[in-house]
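Everything on this sheet refers to the single structure shown next.
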Amino acid sequence: KNHVIFAKEGFAIVALTWIAASLVGALPFYLAGEIPSFIDAFFETVSGFTTTGASILPNVEAMSKGLLFWRSFTHWIGGMGVIVFVMMFTNFSDHSLHIMRAEMPGPIVGKLVPKAKDTARLLYIIYVVLTLVLIILLRLGGMPLFESVLHSFGTAGTGGFGIKSDSVASYSPYIQWVITVFMLLFGVNFNIYYLILIKRFKSAIRSTEMRTYFAIVGISTGIITANIFSSDIGFGKALRDAAFQVSSII
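Just add 49 to the spot in the sequence shown (first one is 1) and you have this note's numbering.
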C-alpha cells in the first residue's frame with residue numbers, strides 16, 4: 050500500500066533487479082546452445098551487465114554474430130546501469146532518487162532535472178550520442194560497421210568484452226587511441242556533461258572529481274609508460290599501451 054521509496058527499498062529494488070535481469074539475460078546464450086551450461090551463461094551475463102569483463106569463453110570468435118551482439122549489448126546497458134535503463138520506461142515515485150543512488154557509482158548522484166524519469170532519459174541521450182560518435186570514428190578508421198558497433202558497446206561499458214581473443218591488439222594505432230579516449234570520456238561523471246550542455250563551463254571545470262580522475266589517469270599513464278618503454282617497445286607504443294590499460298581499468 051505504501052509506494053514511497055526510501056534508501057532501504059532502493060537497495061532492495063536494485064539488488065533484485067540485477068539478479069532478475071541477469072537470469073533472463075543468460076537465456077539467449079543457453080537456449081542457443083552456444084554456452085551449454087546455464088551457470089556459465091549466467092556468469093557471462095552478470096559479467097556483461099556489471100561491466101566486469103571476465104569471460105568463460107575460450108574462443109569468442111566462434112560465437113554467432115547474434116550472440117556476439119547480445120554479449121556486447123549487455124556491456125552497453127551495464128555501462129549506464131540496468132536500473133537507469135528501466136527507469137526511462139517506468140513511473141517511479143518522487144523518491145526514486147534513492148534507486149539511482151543505490152544503482153549508480155561515484156560519490157555524487159543527483160537529479161539533473163526535476164523528474165528522475167527525465168533524468169534517466171537525459172543521461173541515456175548523452176550516452177547514445179557518445180556511442181554514435183564513437184561508431185562513426187571507428188568506421189573512419191576502417192573498422193567494419195558490425196565490429197564498430199560492438200566495440201563501441203564494449204568501450205561504453207569499459208569492461209573489456211571484445212569480439213576477438215586479442216581484444217583490439219590487431220587493430221590500427223588510430224583505432225586503439227580512439228577507443229582509449231572514449232573509455233576515458235565514458236568514465237567521466239555524466240553530471241559534468243550536463244553542466245556543459247547548459248553552458249555552466251566553470252562549474253564543470255571546477256569539478257574536483259573530474260580533475261582528480263584525469264590527474265590519476267595522467268600520472269598512472271606516465272609511470273607505466275616509463276616502466277615499459279625500451280628499445281624493443283618504442284615510446285609511441287609504450288604510451289598507447291599504457292594509456293589503453295589505464296583508461297580501461299580506471
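For glycine and all other residues, C-beta sits at the position ideal for the given N, C-alpha and C.
As assigned by DSSP and simplified to three states, the class of residue i
{"i": "Ser-252", "result": "helix"}
{"i": "Lys-50", "result": "coil"}
{"i": "Asp-281", "result": "coil"}
{"i": "Gly-267", "result": "helix"}
{"i": "Lys-57", "result": "helix"}
{"i": "Met-129", "result": "helix"}
{"i": "Lys-114", "result": "helix"}
{"i": "Pro-222", "result": "helix"}
{"i": "Asn-238", "result": "coil"}
{"i": "Asp-89", "result": "helix"}
{"i": "Thr-99", "result": "coil"}
{"i": "Val-217", "result": "coil"}
{"i": "Ile-175", "result": "helix"}
{"i": "Leu-106", "result": "coil"}
{"i": "Gly-155", "result": "Reliability of the predicted coordinates at Gly-155 is poor, the pLDDT of 46 falling under 50, and no value is obtained from them."}
Status (buried if at least 16 other CB within 10 Å, exposed otherwise) for residue i
{"i": "His-124", "result": "buried"}
{"i": "Arg-120", "result": "buried"}
{"i": "Leu-246", "result": "exposed"}
{"i": "Phe-284", "result": "exposed"}
{"i": "His-200", "result": "buried"}
{"i": "Val-295", "result": "buried"}
{"i": "Ser-113", "result": "exposed"}
The ligand COA heavy atom lying under 7 Å from the CB of residue i
{"i": "Tyr-176", "result": "The model on display carries no ligand, and the ligand COA is accordingly not part of it."}
Cβ pair residue i, residue j closer than 8 Å
{"i": "Met-232", "j": "Tyr-173", "result": "no"}
{"i": "Val-108", "j": "Ser-252", "result": "According to the sequence provided, residue 108 is Asn. The question's Val does not apply to it. Not a contact, by the Cβ cut-off of 8 Å."}
{"i": "Ser-86", "j": "Ser-96", "result": "no"}
{"i": "Gly-236", "j": "Ile-299", "result": "yes"}
{"i": "Phe-98", "j": "Ile-54", "result": "no"}
{"i": "Gly-190", "j": "Val-227", "result": "yes"}
{"i": "Ile-184", "j": "Val-198", "result": "yes"}
Taking one C-beta from the stretch 219–230 and one from the stretch 238–256 each time, how about it: are there three or more such pairs within less than 8 Å?
no
Can at least three beta-carbon pairs, one atom from the stretch 267–277 and one from the stretch 203–217, be found at a separation below 8 Å?
no
Could you say if the stretch 59–71 and the stretch 80–100 meet the contact criterion of at least three C-beta pairs nearer than 8 Å?
yes
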